[in-house]
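Reviewing the structure listed below.
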Amino acid sequence: MSGIIFSLYYWKPTYEIWRTKTNPRYPSADKIREEVIQTMKGVVMATFCPALSLYLSQRGYSQAYCGFSEYGVGYHVFTFLLIFIGSDFFEFYYHRLGHTTKLGWIQHKHHHVFHNPSPFAVIADEWIDQFFRSLPLLLFPVFMPINMDMMYFTYGVFFYAYGVYLHWGHELQWPDAHHPWLNTSFQHYCHHAVSIYNKPYHTGFFFKFFEREACRMRVSWNAKPGSYPKSLYFFSSPTAKGKTKRM
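Each residue of the sequence shown is one higher than the last, beginning at 1 in full-length UniProt numbering.
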């Protein structure tokens, strides 16, 4: 998926494609090579947790199962929503820890060498970082029966595909670059560009609700009336008609 999107938007971009790119510069060939190598490490660890989950289920330590005959449609809808929302929260909170704790940043900083990411940067993480990102694939089936076919589909289509969009480096008319509820490609580019240790910025994945609540709590705890968290910055988007907005 990353390779297809990369070939369409980075191999021989047209002027019309370039106009939608957040950063007018393209990453160097060396950086793309680093992303691919780092992604290969990420793939190994991304498959470790689900493989271990199936192994444990064969020995009675996990409730992972395959096929759709054991439970009804209602249960599958419920577990899909639980996985989707629960994993989105886990991704937000773990990602935020990667920017707010020294131990987390030691692992996560390797992903942030890609200041101008391409679609290959989706899981361009170091071993330990990607292991923890894929941990829900192991934990969910430990606590409740989970259809692994459905879980693979959820992570492959929703999380990896949306991750490709976030690292795409280009923008769509919808969702708007400054969408109030969804994290967008533009905002994730801004995250790569400026978010460092102790400066979490757009650490969410799908929805902004979790980060919005975290920022609200930070304001109520630490900030003076009328001030904003230090993690809020100002950027303009090429698809926002020249307007600069606060994210």
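Each residue gets a CB set at the ideal place from its N, CA and C atoms; glycine is no exception.
Sequence-distant residues of its chain with Cβ nearer than 8 Å to P180 (five each side left out): Contacts found: K208.
Are E211 and F92 touching if we call contact CB-CB under 8 Å? Less than 8 Å separates the beta-carbon of E211 from that of F92.
Minimum length 4: unbroken alpha helix (DSSP H) runs contained in the stretch 169 to 210: If we require 4 residues or more, the alpha helix (DSSP H) runs fully inside the stretch 169 to 210 come out as 185 to 194.
If we ignore side chains and look at the alpha-carbon of each, how far apart do D129 and I83 end up? Cα-Cα distance, rounded: 20 Å.
For K21, name the three-state secondary structure that DSSP assigns. In this structure, K21 counts as strand in the three-state DSSP scheme.
For S185, collect the residues of the same chain with a Cβ closer than 8 Å to its Cβ; drop the 5 residues on either side in sequence, then sort them by chain order. Residues T22, Y165, L166, H167, W168, G169, H170, E171, L172, A177 of the same chain have their beta carbon placed closer than 8 Å to that of S185, with the five preceding and five following residues left out of the count.
On the premise that S87 lies in contact with F159, defined as a C-beta separation below 8 Å, what is that separation, rounded to the nearest angstrom? Rounded, the Cβ-Cβ distance is 7 Å, consistent with contact.
Count the other C-beta atoms from every protein chain shown that fall within 10 angstroms of the C-beta of H115, then say buried if there are 16 or more, exposed otherwise. That one is exposed.
With which residues is residue 248 paired in a DSSP beta bridge? Past the boundaries of the shown model lies residue 248; the chain is included only from 1 to 247, so the question cannot be answered.
Taking Cβ positions, are M144 and S53 nearer each other than 8 Å? The beta carbons of M144 and S53 sit no closer together than 8 Å.
CB Y94 to CB F132, shorter than 8 Å? Contact flag set, yes.
Cβ contact (3+ pairs, closer than 8 Å) linking the stretch 105 to 115 and the stretch 192 to 199: Judged by Cβ distances under 8 Å, the stretch 105 to 115 makes contact with the stretch 192 to 199, as three or more pairs qualify.
Applying the 10 Å Cβ sphere with the 16-neighbour rule, what's the burial state of I5? It counts as buried.
Can you tell me the Cα-Cα spacing of Y201 and P136, whole angstroms? Distance between the alpha carbons of Y201 and P136 is about 23 Å.
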